[in-house]
Amino acid sequence: MDEQTLGTGLTVLIVDDEEDLLSLLEYNLEQEGFEVVLARDGVEAIEQTRAHEPDLIILDIMMPKMDGIEVCEKLRKDAHLRTIPIMMLTARNEEEDKVEGLDVGADIYLGKPVSVSVIVSQAKALLRSARRYDDPPDQIEVHNLRVDRDRYLVYQSNGDEEMEMRFPRKEFELLYFLASHPGRVFSRQEILDEVWGPDVYVVDRTVDVHVRKIRRRQHCFLLPGMSIMIQRT
23 MDEQTLGTGL TVLIVDDEED LLSLLEYNLE QEGFEVVLAR DGVEAIEQTR
73 AHEPDLIILD IMMPKMDGIE VCEKLRKDAH LRTIPIMMLT ARNEEEDKVE
123 GLDVGADIYL GKPVSVSVIV SQAKALLRSA RRYDDPPDQI EVHNLRVDRD
173 RYLVYQSNGD EEMEMRFPRK EFELLYFLAS HPGRVFSRQE ILDEVWGPDV
223 YVVDRTVDVH VRKIRRRQHC FLLPGMSIMI QRT
């Protein structure tokens with residue numbers, strides 16, 4: 023999909039209580055061909071997500087009724103909505119805020135102030151990254167695991183039975199990438215380029231957070247043969 027047609031037919035949900043920012047982002051994204059849906063608080067964000075199933079959510083943290091952290095947590099627990107890419111856009115710029123946002127499932131985290139052109143550019147880059155995994159059905163088998171890229175599911179075989187495991191979109195894409203290269207050691211930058219895409223601006227800490235969450239699942243589900251190796255810097 024080329025740059026000119028990327029937005030065509032795609033829906034972006036913008037969640038923020040700043041009217042000026044909502045209007046500015048709405049105008050610029052519509053100019054790129056996106057359908058835009060707006061929400062002004064966390065409760066409305068959940069309602070609009072269920073009603074429209076957007077291709078991307080741009081999510082503020084500090085909002086009335088329900089903050090962006092709780093919104094993100096709820097969406098990542100919803101089996102039907104958990105794979106929607108989420109960009110957090112917030113004035114909370116401390117390191118612990120970024121880690122918290124990534125921990126609950128945000129794909130990227132942008133701190134305000136930031137230009138509208140950067141937001142639009144990052145939105146498009148995140149969508150390009152997501153669509154790289156929307157190819158025809160593909161599966162990888164590693165030991166007793168089956169990684170189903172089409173359904174975004176991982177299955178663990180136990181004799182004649184399979185246990186289904188669900189992952190948020192970016193965790194799954196990271197797991198799929200690592201499963202595709204068993205035994206390989208990657209630098210953080212290589213992982214960022216391959217899984218998030220070279221045009222998406224995220225810090226190295228993003229990789230660490232997602233790897234830590236997958237390792238927690240490894241411990242819970244005893245995933246053999248899926249050791250995660252990242253080159254020391």
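Mapping of the sequence shown onto the numbering used here: residues 23 to 255, in sequence order. Note that beta-carbon positions come from the ideal geometry of N, C-alpha and C, so glycine has one too. Please read these numbers as outputs of a predicted model, since none were measured by experiment.
When rounded, the separation of the alpha-carbon atoms in residue 209 and residue 196 is 13 Å. Each of 190, 133, 202, 166 was checked against the Cα of residue 160, and the nearest Cα belongs to 202.
Counting of Cβ neighbours within 10 angstroms places residue 171 among the buried residues, the total reaching 16 or more. Straight through space, the alpha carbons of residue 98 and residue 126 are spaced by roughly 8 Å. DSSP places residue 180 within a strand segment (E or B) once states are collapsed to three. When DSSP reads this structure, residue 103 sits in no beta bridge, so it has no partner.
Per DSSP, residue 191 is one residue of the alpha helix (DSSP H) stretching across 191-201.
DSSP links residue 168 through a beta bridge to 163, 177.
The residues 111, in chain order, have a CB closer than 6 Å to that of residue 132 in the same chain once the five nearest residues on each side in sequence are set aside. Counting along the chain, no beta strand (DSSP E) covers residue 123; the unbroken alpha helix (DSSP H) around it starts and ends at 117-125.
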